[in-house]
Structures are given as C-alpha cells and as structure tokens.
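Note sheet for the following structure.
Rendered as structure tokens:
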C-alpha cells in the first residue's frame with residue numbers, strides 16, 4: 001500500500017470516478033478499480049476531507065474563529081458538532097485549526113482558568129472568554145486574569161490541598177466538560 005502525499009493524478013482519478021459513478025461503491029473497490037495502491041479508508045478520507053465539492057480550503061475567518069471558540073466552550077471537543085455550524089468546513093479541518101492556532105489564543109485569553117469557570121463566565125456574558133470573542137482574531141489589553149476579575153485563582157495556581165481534593169468527572173453526554181466533584185476513591189477503598 002502506498003502512503004504519503006497524494007498526487008494530482010490520484011486526486012483527479014478519484015474525482016472523475018465519483019462524478020461518473022457516485023459514492024455508493026466500496027472504497028476499497030474504488031481504489032482497486034483505479035489502481036491507486038491506497039487502502040479504501042485512505043481514499044474515503046481523501047474524498048470526505050479534501051476533494052468533496054463545497055469544501056472550503058482557505059483561511060478561517062474571524063467569524064468562524066468566534067463560532068469555534070463559542071462552541072468549544074459550550075460543547076468541548078465535539079469537532080463534528082462544531083463543524084456542522086461552519087458550512088464547507090470538516091471536523092478534521094476544525095480540529096486541526098484549533099490545535100494549530102486557536103487553542104493557544106483561547107488559552108491565553110482565558111488566563112488558563114478551568115473550562116468550567118470559563119463556561120460560567122461565558123453564560124453570564126463576561127470574563128476573558130467573552131472579551132476574547134468580542135475581538136476575534138486578536139488578544140486585547142482589556143482581558144483580565146480570572147483572579148483579578150472574580151477573586152479566584154487560575155486552575156494551575158490553586159493550593160495543593162484544594163487541587164488534590166477535586167477531580168474532573170469525565171464527560172458522558174458530549175455536552176461539555178464534567179463538573180468538579182469531591183474525589184471519593186479513598187472512601188470507596190477504605191483508606
């Protein structure tokens with residue numbers, strides 16, 4: 001099986017074949033028919049994420065950045081849900097853009113505070129996350145750290161006692177991050 005960069009010839013073969021026959025066939029059969037030396041999964045991924053008509057391949061706009069940050073603060077990393085709000089963008093493109101660019105901006109804007117705290121600020125229409133989204137694409141001097149704004153230290157600056165007493169509950173419904181709760185593993189094991 002061939003791996004690595006796709007050639008223009010391979011892309012053109014897939015596009016013309018799908019235009020003529022549609023996507024109803026097996027992707028492995030498509031690869032074999034065209035002699036691509038690629039696995040079916042790779043052909044499917046190439047079509048869905050890069051070649052499909054209607055996909056946007058350019059830079060993300062400030063409006064798209066705003067939607068991504070807003071949805072991330074509410075839903076977490078459900079990239080397919082976020083991409084559904086951005087016509088022409090795939091979940092892979094949104095995830096890649098978040099990891100390469102937006103995560104750094106967003107983390108700096110919220111002062112590295114916990115996401116649960118960001119959500120509370122967000123719902124109230126205040127806080128550094130809301131400030132960040134009022135000026136998409138740039139961080140401005142009006143952003144205050146959470147401690148200055150709410151009298152609460154950032155997540156990484158909590159005391160050792162408070163930090164060891166709380167754990168994040170894993171998400172179960174993809175509705176956003178879990179809430180802080182007391183760690184009851186010690187009582188469950190009898191220690």
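Residue numbers (the UniProt record's numbering): 1 to 191.
We treat Cβ as the ideally placed atom computed from N, Cα and C, and that holds for glycine.
Please read all numbers here as calculations on a predicted model, not as lab measurements.
Return yes when the Cβ of residue j is within less than 7 Å of the Cβ of residue i, no when it is not.
i, j, result
"residue 30", "residue 43", "yes"
"residue 75", "residue 83", "no"
"residue 69", "residue 106", "yes"
"residue 13", "residue 34", "yes"
"residue 46", "residue 67", "no"
Identify, in the order they occur along the chain, each residue of the same chain with its Cβ nearer than 8 Å to the Cβ of residue i, setting aside the five sequence neighbours on each side.
i, result
"residue 2", "36, 37 and 38"
"residue 194", "The requested residue 194 does not occur in the structure, where the chain is confined to residues 1 to 191."
"residue 23", "47"
With 7 Å as the threshold, decide whether the Cβ of residue i is near any Cβ in chain C.
i, result
"residue 88", "The structure shown contains no chain C; it is built from a single protein chain."
Going by CA-CA distance only, name the one from the options that's closest to residue i.
i, options, result
"residue 103", "65, 85 and 57", "65"
"residue 10", "32, 55 and 81", "32"
"residue 59", "22, 98, 41 and 24", "98"
"residue 16", "5, 4 and 53", "53"
"residue 61", "18, 23 and 101", "101"
Residues in the same chain with beta-carbon distance under 7 Å from residue i, minus the five sequence neighbours each way, listed in chain order, please.
i, result
"residue 92", "49"
"residue 56", "88 and 89"
"residue 18", "47"
Quick one: what's got a C-beta closer than 6 Å to residue i's C-beta in the same chain, skipping five residues either side?
i, result
"residue 95", "79"
"residue 27", "40, 43 and 44"
Does the ligand MN have a heavy atom nearer than 6 Å to the CB of residue i?
i, result
"residue 24", "Absent from the structure shown: the ligand MN. Ligands present: none."
- Task: Ignoring anything shorter than 3 residues or poking outside the region 49 to 96, list the beta strand (DSSP E) runs there in chain order.
- Result: With a minimum length of 3 residues, there is no unbroken run of beta strand (DSSP E) contained wholly in the region 49 to 96.
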